[in-house]
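Protein chains in written order, with the working numbering: chain A, -18 to 269; chain B, 938 to 1259. For every residue, glycine included, the Cβ atom is placed at its ideal position computed from N, Cα and C. To start, the structure itself, in structure tokens.
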Amino acid sequence: MRNNRINTWLYRHKGARAALLLALPVLWLAVAYLGSLAVMLISSLWSVDSFTGNTVHSFSFTNFHTLLTQKVYGTIAIRSIGVAVAVTVIDGLLAIPIALFISKVLKPKFRSVVIALVLVPLWASYLVKTYAWRSMFSDGGVISWALKPFGIHGPGFGLTATTITLAYLWLPYMILPIYAGLDRLPNTLLEASSDLGASARTTFTSIILPIIYPAIIAGSIFTFSLSLGDYIVVKIVGGTTQLVANVIADNVGTAGNLPFAAAMALLPIATILGYLFVVRRSGALENF
Amino acid sequence: MSTAIRLSKVAKSFGEVKAVDGVDLEISDGEFFAMLGPSGSGKTTVLRLIAGFELPDSGIIEIDGVDVSQTPPFNRDVNTVFQDYALFPHMTVLENVEYGLKVKKVAKEERIVRARKALQRVKLEGYEARKPGQLSGGQRQRVALARALVNEPKVLLLDEPLGALDLKLRHEMQVELKELQRDIGITFIFVTHDQEEALTMADRIAVFNAGNIVQMGSAKDIYEEPNSEFVAGFVGISNLLHRDGKVISIRPEKIKFGRGGDRTAPGQVVSVMFLGALTRINVAIGADILTVLAENDGTQVFPATGDQIEVSWNSKYEFQVG
């Protein structure tokens, strides 16, 4: 008989095993994740002495008062949420047909290749891709050159360029969950719908869409939150456009007003939490 | 009786594989028709061709005298019960059954009445509000049946309808399906690899092998007079005897111990298996092994393994298969 006391003891104590399994991630979550969030929440109540530039460690709601009363921040918030919604809608409209094609039209042997192709851009540097879009949107770039024969000017740098670039960057995050959702949908369901007299359109709206709805929601959480938190794309292709994330970045960097940046950062956090709450209430994540 | 389904020289290949190789088939109105064969024999492809999930490479498919060879499934007057039932998981039982009527724009009141009636027919009243995930395999099967039947199709197609059920339920459903078909008078075409299922339920059976129908006829015809070694072996237990360069088939229940028939052969008992109602005894005769099925009716004493015995049968039960 082998004698291994530690393993035997662990085998008999289920709770100890679970504790061992979770020790590291819990430590990480508590200290690094929740800890930094708490620090941010507290520092949003501090302020900066405008004369010395030092942080004043006394609690006040001045930052929030500024955010709520100065109209420009409201405009920026709405604009940012608008961009995140637009990116999510564009990615949804692009990802559903792509995912449908991969999982239901393509032969199985080609599927993994095409999925790999969808993932390839994620291996390229995010900055390189964004600068590539910058050169395409620039004056005399590919986009304005291609639109010229039709007498249309390219959008140039601004909100449109930001939205298009973000939609490009986050598209794989929408395709993957929808593909996974469609992959679990048996083809016989589509055949059954057709067999019962439904056209392709009816099958799409009454069978496919309701079944992949949780997958679309999962994808939208990615595209929405990634767009809302992005400050680099808007810096590179956004021209003078102000979004919540780059206002936060400017307050951290240029202005050195960390407390105000922290207060501002609560807006995307609250928005995402609100979105998750609505999604949860709709029951979309129950079977995911 | 008029023809419900007619296939003329229908062929379908998948890449290099000829799944269906020039099948001719005629099925009458109100018939209970079985397509029997091993997997890969083309029987399921023929069913899918009739449903419209596959379109033939060549040949003509007619439903009720109309050429539907290139018609999509949603315009064909047939409905299918799928092997995995293919119930819509996000809809209740009632919504599933209603679906076909809904897409055909039947008024809401009427379709609820019809859907309830269809559920009643398959003995599933009271389950209307359940989701398919909350049902047992047998109940899902009934929903699938109701969902197809509610449309009152010309022909009902069933793809291995009882394959996923356990043995006891399968036997119950065999009887029930047969009664249901007799009751509503719709043509049923079902695919199965289970010869017992085909023999018990079908009015007529087509035996498939390698993309073609090798024999077609009533259960009795096919069992009593198999036209090839393949059919003899696939439908029921077959005893093949090699004699004077010919291959003869005899069914195991036709063979008796001792003398009695006009053919007699000496042999040695290889094994004796007690099966409950029957006892299965394998007897070596020359290079061939004959299986004898004898009833355990208490009137005979069975030989033991190793015994030298004689078996006999009537020559009218012999069929030359090769």
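Start-to-end residues for the beta strand (DSSP E) that takes in residue i
i	result
H46/A	First-last for H46/A: 43 to 50, but that is the alpha helix (DSSP H), not the beta strand (DSSP E).
A1214/B	Per DSSP, A1214/B belongs to no beta strand (DSSP E) and is neither H nor E.
N1149/B	1149 to 1154
V1087/B	No beta strand (DSSP E) holds V1087/B; DSSP gives it neither H nor E.
R(-17)/A	That residue, R(-17)/A, is in no beta strand (DSSP E); it is neither H nor E in DSSP.
Unbroken alpha helix (DSSP H) run spanning residue i, endpoints
i	result
A164/A	Note that residue 164/A is Asp in the sequence shown, not Ala. Unbroken alpha helix (DSSP H) run through D164/A: 140 to 164.
H1108/B	1104 to 1121
V1034/B	1030 to 1040
W(-10)/A	-14 to -7
N1251/B	N1251/B -> no alpha helix (DSSP H), and no H or E assigned at all.
G210/A	190 to 210
E1133/B	1132 to 1138
A179/A	It is not in any alpha helix (DSSP H) - A179/A carries neither H nor E in the DSSP assignment.
T982/B	980 to 988
Rounded distance between the beta-carbons of residue j and residue i, thought under 8 Å
i	j	result
G219/A	G139/A	6 Å
L209/A	S61/A	6 Å
D958/B	G1148/B	4 Å
A941/B	D994/B	Rounded, the Cβ-Cβ distance is 23 Å, inconsistent with contact.
F1127/B	P1090/B	About 14 Å separates the two Cβ atoms, so there is no contact after all.
F1194/B	P1240/B	7 Å
M1261/B	V983/B	With chain B covering 938 to 1259 only, the question about residue 1261/B has no answer from this structure.
L1061/B	V1087/B	Not really, about 12 Å apart at Cβ, beyond 8 Å.
G135/A	F118/A	6 Å
S939/B	I997/B	Not confirmed; about 17 Å, so no contact.
R1218/B	A1202/B	Reading off the sequence, residue 1218/B comes out as Ile, not Arg. With 8 Å as the limit, I1218/B and A1202/B do not qualify as a contact, their Cβ atoms being about 14 Å apart.
V1248/B	V1220/B	6 Å
Test item: CB-CB of residue i and residue j under 7 Å
i	j	result
I159/A	A196/A	yes
A1085/B	L1056/B	no
I1185/B	I1159/B	no
N1033/B	D176/A	no
Q1245/B	Q1205/B	yes
M21/A	A76/A	no
T111/A	I217/A	yes
T143/A	T69/A	no
L1114/B	V1080/B	no
I229/A	A242/A	yes
P153/A	L103/A	yes
G1070/B	L1102/B	no
A988/B	L1094/B	yes
N44/A	S17/A	no
A226/A	Y212/A	yes
G162/A	I193/A	yes
Q1145/B	S978/B	Reading off the sequence shown, one finds Phe at residue 1145/B, where the question assumed Gln. For F1145/B and S978/B, yes; Cβs fall inside 7 Å.
D1181/B	S1252/B	no
Q1020/B	G967/B	no
Residue environment, residue i, which counts as buried when at least 16 other CB atoms sit within 10 Å
i	result
Y1022/B	buried
S1155/B	exposed
T(-11)/A	exposed
N232/A	buried
F269/A	Bear in mind that a pLDDT of 46 at F269/A, under 50, signals an unreliable position, so the number given afterwards is only what the model happens to contain. By the neighbour-count rule (16 or more Cβ atoms within 10 Å), F269/A is not buried but exposed.
E1035/B	buried
P1010/B	buried
N1012/B	exposed
G1235/B	exposed
P1007/B	For the record, residue 1007/B in the displayed sequence is Gln; it is not Pro. Q1007/B should be labelled exposed.
A179/A	buried
K52/A	exposed
A956/B	buried
D1096/B	buried
I188/A	buried
T124/A	Reading the sequence as shown, one finds Ile at residue 124/A and not Thr. I124/A is buried by the Cβ-count criterion.
Y(-8)/A	exposed
A58/A	buried
P191/A	exposed
D72/A	buried
V94/A	exposed
beta-carbon residue i near the ligand GTP non-hydrogen atom, thresh 6 Å
i	result
L1177/B	Questions concerning the ligand GTP fall outside what the structure shown contains, since it holds no ligand whatsoever.
Can you pull out the residues from the stretch 174 to 197 of chain A whose beta carbon lies closer than 9 Å to at least one beta carbon of chain B? Among the residues of the stretch 174 to 197 of chain A, those with a Cβ less than 9 Å away from any Cβ of chain B are S174, S175, D176, L177, G178, A179, S180, A181, T183, T184, S187, I188, P191, I192, Y194, in the order of the chain.
Interfacial residues, the stretch 149 to 168 of chain A to chain B, with Cβ spacing under 8 Å: Taking 8 Å as the Cβ-Cβ cut-off against chain B, the residues of the stretch 149 to 168 of chain A that qualify are P167.
Taking beta-carbon pairs under 7 Å, can you tell me which members of the stretch 1229 to 1247 of chain B lie near chain A? Shown here is that no member of the stretch 1229 to 1247 of chain B has a Cβ falling below 7 Å from a Cβ of chain A.
For the stretch 78 to 112 of chain A, which residues have a beta carbon sitting closer than 8 Å to at least one beta carbon of chain B? Result list empty, no residue passes.
Contacting positions in the stretch 1033 to 1055 of chain B - beta carbon closer than 7 Å to chain A: Cβ contacts with chain A come from Y1036, G1037, V1040, K1041.
Chain A contacts from the stretch 1113 to 1147 of chain B (Cβ-Cβ distance under 9 Å): Listed in sequence order: no entries.
For the stretch 987 to 1012 of chain B, list every residue whose C-beta sits within 9 Å of some C-beta in chain A, in sequence order. Within the stretch 987 to 1012 of chain B, the qualifying residues are A988, G989, F990, P1009, P1010, F1011, N1012.
If you measure beta-carbon to beta-carbon, which residues of the stretch 1015 to 1027 of chain B are closer than 9 Å to chain A? Correct list: V1015, N1016, T1017, F1019, Q1020, D1021, Y1022, A1023, L1024, F1025, P1026, H1027.
For the stretch 1214 to 1225 of chain B, enumerate the residues whose C-beta is nearer than 9 Å to any C-beta of chain A, in chain order. Per Cβ criterion, the list is empty.
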